[in-house]
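Structure first, commentary second.
Number of protein chains: 2
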Amino acid sequence: MLQKQANTIRFLCADMIQKANSGHPGAPMGLADIISVLSMYLIHNPKNPTWLNRDRLVFSGGHASALVYSFLHLSGYDISLDDLKNFRQLHSKTPGHPEIFTPGVEIATGPLGQGIANAVGFAMAAKKASLLLGEDIINHKVYCFCGDGDLQEGISYEACSLAGLHKLDNLIIIYDSNNISIEGDVSIAFDENIKERFKAQNFEVLQINGHDFEQIDLAFKTAKESKKPCLIIAHTKIAKGALELEGSHHSHGAPLGEELIKKAKEALGFNPQKTFEIPDDVRVRFEAVVELGDLLQAKWEQKVKNLSEDKKALLKELLEPDFSKINFPDFKGKDLATRDSNGMILNEIAKAVPGFLGGSADLAPSNKTELKDMGDFPYGKNIHFGIREHAMVAINNAFARYGLFLPFSATFFIFSEYLKPAARMAALMKIKHFFIFTHDSIGVGEDGPTHQPIEQLSTFRAMPNSLTFRVGDGVENVKAWQIALKTNMPSIFVLSRQKLNALSDPIFGDVENGAYLLKEEANAKFTLLASGSEVSLCLKTAIKLKEKNIICNVVSMPCYELFIKQDEAYKKRILQGKVIGVEAANSNELYRVCDKVYGIDSFGESGKDKDVFEFFGFSEERLSSYIISLCNGD
Amino acid sequence: MLQKQANTIRFLCADMIQKANSGHPGAPMGLADIISVLSMYLIHNPKNPTWLNRDRLVFSGGHASALVYSFLHLSGYDISLDDLKNFRQLHSKTPGHPEIFTPGVEIATGPLGQGIANAVGFAMAAKKASLLLGEDIINHKVYCFCGDGDLQEGISYEACSLAGLHKLDNLIIIYDSNNISIEGDVSIAFDENIKERFKAQNFEVLQINGHDFEQIDLAFKTAKESKKPCLIIAHTKIAKGALELEGSHHSHGAPLGEELIKKAKEALGFNPQKTFEIPDDVRVRFEAVVELGDLLQAKWEQKVKNLSEDKKALLKELLEPDFSKINFPDFKGKDLATRDSNGMILNEIAKAVPGFLGGSADLAPSNKTELKDMGDFPYGKNIHFGIREHAMVAINNAFARYGLFLPFSATFFIFSEYLKPAARMAALMKIKHFFIFTHDSIGVGEDGPTHQPIEQLSTFRAMPNSLTFRVGDGVENVKAWQIALKTNMPSIFVLSRQKLNALSDPIFGDVENGAYLLKEEANAKFTLLASGSEVSLCLKTAIKLKEKNIICNVVSMPCYELFIKQDEAYKKRILQGKVIGVEAANSNELYRVCDKVYGIDSFGESGKDKDVFEFFGFSEERLSSYIISLCNGD
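Residue numbers (this note's numbering), protein chains in the order written: chain A, 1 to 634; chain B, 635 to 1268.
Below, the structure is given as structure tokens:
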């Protein structure tokens, strides 16, 4: 029966890809046997895909999406046979790579390696949840399928290192070892001893023939009992069952062809004339899961009912965080580095919101992200990610998707580059994930150009579904957090290492408009529009210029993305005269709202921050001269 | 004597950092003993830092820059004591992290992990050079210092996996294992079995006490004889010699304090009142290297003289590539995907230029980057990097810095995110490194938003010291390469998966101006400015609009960075009427030269490329409607 189930999946996948004339049949057909066995182990409730104690299933190789959808369909999730037939079509429920709008997809995958880190994140979240709510309430497993590509990507090592460190015995990774890569045999680029590699990272490692049902079954049994995270190395044939394309790299990323599919069906006892065929007994077998899932969840609900009142209240707060309890600090009139104001805000949020947690890539003392007296993961809220920016963010993406947590990820702004691929996935999924990027701009000073962000602000402002806040003082910082907490997408905080002067109250508009009038005079010839550390520079320069009868308004723009969405009337009201964008960054996107941009078009320099700012023109003197030159029409 | 040499380095570093009041004393003082021993093994010629057969020395932890500079000074490189006293000051020869304008610095480092991949790259380049020129000519070693942070970063695993695969017996990595990270003891985030990890990656692994001169000496001796890449795990104390700060994470990133330095000097027999002290015997000892280096190079030059004429000619071509020999294809009038035209160009360059080589992160058949009949690394020119984008680029940075090679790195444009941190270092160093990014824009189609670049174009355009070419056809592609080959900085090629229509000849300007007039009419009301796949869309739309008496010029802009540098007269000449930027990307930076931007401000969608383009407004019909709406003042 398992064989028939597996073959049904194989041909569903082949048919989906053939109909779409696009997709990846190799991995789905190679993994069909394993997933058929896993269907007997997986504890979930397809009728309620968000049941908290379900096993999490992650397909790190998102290109195996045909397998994902066919498995979810057979298991009873709300994905119809028509959805399968619409595979990879515009606005279908079954896009090219799994996305979270599809019921049963835990997390979006596609860029390789990240899914493994997501799975580690789910397992960490489960550990934490279990400690908070009890082992009776949270005791599920996390399963993750991955391939050679995932294991070649650096993020997989980073994430598994943390999995081993935290002894995540709830994590089971299935490595689809098929020896095939796009450029040919895997061995041309990959000859690590995978078993020893994972043992060095404190995993238990099992090796099986991925087409032998008994071996697969025994492996899952053993893995579930393991006291460590477990890797199952499953030796498979890519496109198993696809006759002459079995074992060939040509089966990786292109349809198999109608004729071959027909012959393959015939060879395995399926009707070659039928497509999308699901034998009745196969359907019945898979559907048993749905009923079982309902029963399991009902039993679990009973346990939740029996929880202590404290635990019940905690669960409620985790599920529905109440931000009104946060006691935001009052920074009015206080000169502070924004990394410092941000650190204080983080601590207040963490005190008030039980699901708020996070950490830094080994820079907590510099990022000011330590949550004081709140302990370390798994018992406490501080997660020491080590110098692993990419894994940190993919892990926190899973925390955010788990259902109970609000994670933050911290590092220097320049190292946002190391984590960008996972930040993008956060944005794609529109999840609440907070990014704390300190050591903004050339203000970093002596550490020099390798550590001074120039183009990073433009990068994040260009990323859809996210808000980038470059705040000018503590008050803006608080307001930015208040917006971020109620916004269903990632928020990025860009914060200074150096002290910034406190700003005055808005004259018109506010942080929620993205930009607001901070200083207004009658008949202004210029508007100086700035963010972060350049706002007070502009204020001082405006005063200096007034002495020379050059009247400038000043606009603070903590959030570009919010500002460009304002209506024309608002923009007109706050942008008067010639608008000069002033930012110690590349900032070419500011031309959208400015006539000129006074930015930086080279890399930075190593030196005292004052000297470096001066060199790049960010001093009252030099900015004034520039504005005067504009008056003279230079 | 070695101890005295080491202590001299320790206090030079401590003094440099104290005087700058900024820097990282921990690692330099911890490594002083090892580098003193290494000075006896290192084969180099400080009077000629570019001698081809020198050993390469890479400090992956660039924050140990005080160590780098003090060692280079003592070894006789053109770095004076005054330069050391100017440590981390604006425009000094001794910036916060090592940069390549400093004599003796092989490659810029700072962002952790990359230096290890650079070292692997140097070792690969040496293997290749040795096969090309003979083992007599190239037989040097590559030494790399790294720390815990480097080994936590994913890129270190990626790179070492390749080092093991290629059995790089010329590579010796010294791991400064001091158990200290910024957040505290390393074990809070890192408990891998490093020895087993590296053995699983096919390294030889040695373990020593990093303060025991005999053990250090034996380790280097053994490592030099090893038939595999070698890791020396050196157990050290951070800030060794810094009294109560020895072994403390407080010594990592801040000056030790004058008082402590004085006491430490006293304790080790140095004059506490003196700073920047170099005892005469220490100076003499280090200076011996300079003389030896001269001798070694002279002997080597003799060997070069004795080379066969063929080899001599090859060496000359490697040192001074002659691009005039390239037989660029003629794509005039040919409709092609630009990934295809690019593949043909690559092959022609590789045939004509011996030092031109490269590879893809396991996407060569899709990127069309296979160099046909030119074999695989190390014997041939095709490097199979595996799915390791980040290591690929850091390795190729080293190829570019080696002195003989012109490397290219390829992947899908979306995965440029995985390699961006290393691409940035290429730009910072202004090296010739070619990036081949295919599968541009939503034109990727069915693979969906995880695979469709949106913000990546903005990212690369915002990066200083680089040119991003998004070409519209094969002819532009050739011209872009001609510019790239003569430009001393990285060039980024953004190429389509789908077929593009051949464009007509420029009417005014050309690719070298960044943008040029492709279609001009009298009294144009609009200029449609586009790049890549949107250029022919604009041409077709302009024809359609002319039927409605709306006259549009069309500008093709293959390179934004070149275009914005043109003078106002040029820009005025080609931008007539209202300028509408048309790109299937975020493209907010286009506001710098456009009145409106018709781009994409969300993530993409999975579907047939035609459907996806249509959905996002990139069809003649929808673009025309938009332009008409502008006429109507909607």
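From the three backbone atoms N, C-alpha and C, an ideal C-beta is built for every residue, glycine too. Quick caveat: nothing in here was measured; it's all calculated off a predicted structure.
Around P321 (chain A), no beta-carbon contact reaches into chain B at under 8 Å, the shortest distance being about 26 Å. Along the stretch 107-119 of chain A, going in chain order, the ones with a CB nearer than 9 Å to a CB of chain B are A108, T109, G110, P111, L112 and G113.
Against chain B, the CB of Q482 (chain A) has no partner CB under 7 Å away; the residue lies outside that interface. Under the three-state reduction of DSSP, I842 (chain B) is assigned to strand.
Listed along chain A, the residues sitting closer than 7 Å to P729 (chain B) by beta-carbon distance are G448 and S606. Taking N139 (chain A) as reference, the option from A:I442, A:R56 and A:Q18 with the minimal CA-CA separation is A:R56.
Contact of L1209 (chain B) with chain A is not assigned, every C-beta pair being separated by 7 Å or more. Sequence-distant Cβ neighbours of T275 (chain A) in its own chain, meaning closer than 7 Å and more than five residues away, are D15. Within chain B, no residue has its beta carbon less than 7 Å from that of D340 (chain A); the closest one is some 17 Å off. Annotated as distal: T870 (chain B) and N827 (chain B), with beta-carbon spacing of 7 Å or more. Looking at the DSSP output, K1230 (chain B) sits in a beta bridge with B:I1214.
When beta bridges are read from the DSSP output, K499 (chain A) appears opposite A:A337. Counting along the chain, G798 (chain B) sits inside the alpha helix (DSSP H) bounded by residues G788 to L799. Contacts between K199 (chain A) and chain B, judged by CB atoms closer than 7 Å, involve E830 in chain order. The stretch 466-474 of chain A and the stretch 519-529 of chain A do not touch, with fewer than 3 CB-CB distances between them shorter than 8 Å.
Within the stretch 1057-1068 of chain B, the residues whose Cβ lies closer than 7 Å to some Cβ of chain A are R1058 and L1062, listed in chain order. DSSP places F399 (chain A) inside the alpha helix (DSSP H), whose first and last residues are E389 to Y402. Here the alpha carbon of A1032 (chain B) sits roughly 5 Å from the alpha carbon of N752 (chain B). Chain A places a beta carbon closer than 7 Å to that of K1054 (chain B), counting this residue as a contact.
Under the three-state reduction of DSSP, L268 (chain A) is assigned to coil, being neither helix nor strand.
Not a single C-beta of chain B is nearer than 7 Å to the C-beta of Q498 (chain A). According to the DSSP assignment, G993 (chain B) belongs to no alpha helix (DSSP H) but to the beta strand (DSSP E) extending over F990 to S994. Ranked by Cα distance from F1047 (chain B), the options A:P111, A:T450 and A:V444 are led by A:P111. In this structure, H1018 (chain B) and A189 (chain A) form a Cβ contact; the two beta carbons are roughly 4 Å apart against a cut-off of 8 Å.
Within the DSSP bridge table, the entry for V1189 (chain B) names B:L1151 and B:L1163 as partners. Annotation: the continuous alpha helix (DSSP H) that includes G293 (chain A) extends over D280 to K305. The beta-carbon distance between I436 (chain A) and L495 (chain A), rounded to whole angstroms, is 7 Å. This is short enough to meet the 8 Å contact definition. M392 (chain A) has a beta carbon lying at 7 Å or more from every beta carbon in chain B. Nearest to K862 (chain B) by alpha-carbon distance, out of B:Q931, B:L767 and B:V754, is B:V754. Around the Cβ of F1142 (chain B), a 10 Å sphere holds fewer than 16 other Cβ atoms; the residue is exposed. The residue among B:L767, B:M1008 and B:Y791 with its C-alpha nearest the C-alpha of F198 (chain A) is B:Y791. As the crow flies, the alpha-carbon of S942 (chain B) is around 14 Å from that of E951 (chain B). In terms of beta-carbon proximity, Y791 (chain B) lines the interface with chain A, with at least one pair separated by less than 7 Å. The three-state secondary structure of P1041 (chain B), taken from DSSP, is strand. Burial state of E1080 (chain B) is buried, judged by a 10 Å Cβ sphere holding 16 or more other Cβ atoms.
Straight-line spacing of the CA atoms in L1179 (chain B) and F735 (chain B) works out to 54 Å.
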